[in-house]
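Chemist:
In my numbering, the protein residues as written are 96 to 580.
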């Protein structure tokens, strides 16, 4: 969502970076470009006006540090102001002395509220070790109750539902009592989506709040709506004491103005951001890290946290030792491949690296080649995966036919895998490629080094080493990685 905004802001402050002296004239020139970028990104006019005034005051009032370039100081002031605009400090869910914690979800029709309820319940179970209960109180939209029940069954999360002829406030009250009796420590009330001009439905959501006394009201906002998301958030906040906001469809092609405006206009923080369609595509919203992403500084902390959540450290260390000893086989490689897949699309992962956001904009990273590699390995028998040396020509033909690939692709896969084994065996005592942690550099180069448009990044593992000699670009045949559009 922030790609166009990041590009526009990048051009705006790039004119300042490299300046030997910050003067009022060149600062004003950069500020004008920033204001234009914000308005083009659909940021509220008053918010943009106050923001650029804040940046200007920070920059001109900044004490010059001799060891730091003035342009870098401008970027630092810009980052600090953007962090404050997005809410300053990260804010979490409300805390309540009573049990269960009751969270009431509300939002406009079509904002993705029901799906977000399930995502939030999954996040609470995985990250906070909670036992949540979803209450299906959206009785206006056809099949909304069925949708929530289906999501609950898919994720293994309990759902409380009653016939659709019941009143939503009564269903919510009964759901809270059910949670108390069954030992659920969090209740998420999925109320009906509504328009902020729909008076009867707005009164209904107020009745739910009065009857259940939730610990926090969370407003789900569609980032694709732009300024209308800000208007709806303002209207809801006038009726209900909002605790915070959840921004959905952040991975879409919206211009990003809503996220920059909504906190300033409503005075409520963004708590979570929906970054994809999968149930676990819900991230805590950190203003400082989001500001870094917008300014092209990446989000290495977020990448590390994501890696820690999906990668088994013991398995990775064991695979690294086997790789160094030359004992790494296709079974191990398939396990590592699955770990990498859990991180998400390669373009999204690489975009979290500093400076990569703008580089990735015109690069088409297709994950399909990784699937072809996986198909080739899965077409091998367990014995062939454990002993690559036994894969002769007839077996290679069978693997090619079984995976839907050409024989050359299978030959190249096995050849490069053996080259990696030999190279890593030689480098085993040194702990892997330079700059690559845990000896996993070989696997990183094998998987990621061949991303054509990205130069010698050296793979997902360490971003430092060059591809092994003999690797065309460091990647598998048929796995070119990056293609310029």
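All residues carry an ideal CB built from backbone N, CA and C; glycine is no exception.
Would you kindly report the start and end of the unbroken beta strand (DSSP E) that includes residue 338?
Modeler: 337-343
Chemist: Could you say which of 122, 128, 309, 274 lies nearest to residue 168 if we only look at CA atoms?
Modeler: Residue 122 is the option with its Cα nearest to residue 168.
Chemist: Residue 206 and residue 315 look like a contact to me (Cβ under 8 Å); what is the Cβ gap, rounded to whole Å?
Modeler: 5 Å
Chemist: Please state whether the Cβ-Cβ distance between residue 367 and residue 341 is less than 7 Å.
Modeler: yes
Chemist: Here's the rule: buried if 16 or more other CB atoms are within 10 angstroms of the residue's CB, otherwise exposed. What is residue 270?
Modeler: A buried status is given to residue 270, since no fewer than 16 other beta-carbon atoms sit within 10 Å of its beta-carbon.
Chemist: Could you check which residue in 318, 210, 332 has the C-alpha nearest to that of residue 297?
Modeler: 332
Chemist: Starting from the C-beta of residue 186, find all residues in its chain whose C-beta is less than 7 Å away, skip the five residues before and the five after it, and write them out in chain order.
Modeler: 339, 364, 366
Chemist: CB-CB under 7 Å to residue 501, same chain, minus the five flanking residues each way: which ones, in chain order?
Modeler: 495
Chemist: Go ahead and pull the three-state DSSP assignment for residue 312.
Modeler: strand
Chemist: Would you tell me roughly how many angstroms separate the C-alpha atoms of residue 471 and residue 155, rounded to the nearest one?
Modeler: 60 Å
Chemist: On the premise that residue 285 lies in contact with residue 230, defined as a C-beta separation below 8 Å, what is that separation, rounded to the nearest angstrom?
Modeler: Confirmed, Cβ separation roughly 6 Å.
Chemist: The alpha helix (DSSP H) that contains residue 375, what's its start and end?
Modeler: Note, residue 375: premise wrong, no alpha helix (DSSP H); not H, not E.
Chemist: For residue 156, which of helix, strand or coil comes out of DSSP?
Modeler: Coil.
Chemist: Using a Cβ-Cβ cutoff of less than 7 Å, which residues in the same chain neighbour residue 151 once the five nearest sequence positions on both sides are dropped?
Modeler: 122, 126
Chemist: From what residue to what residue does the beta strand (DSSP E) around residue 285 run?
Modeler: 281-286
Chemist: Could you pull out every residue in the same chain whose Cβ sits closer than 8 Å to the Cβ of residue 162, ignoring the five residues on either side in sequence?
Modeler: With a pLDDT of 48 at residue 162, under the threshold of 50, the modelled position of that residue is not reliable, and the figure given next carries that caveat. Residues of the same chain with a CB within less than 8 Å of the CB of residue 162, apart from the 5 flanking positions on each side, do not exist.
Chemist: Assuming residue 365 is part of the beta strand (DSSP E), what are its boundary residues?
Modeler: 365-369
Chemist: How long is the line joining the alpha carbons of residue 299 and residue 282, rounded to whole angstroms?
Modeler: 19 Å
Chemist: Measuring only the C-alpha atoms, how far is residue 142 from residue 175?
Modeler: One C-alpha to the other measures close to 16 Å.
Chemist: Skipping 5 residues on each side, what residues in its chain have a beta carbon closer than 7 Å to that of residue 172?
Modeler: 150, 153, 154, 157
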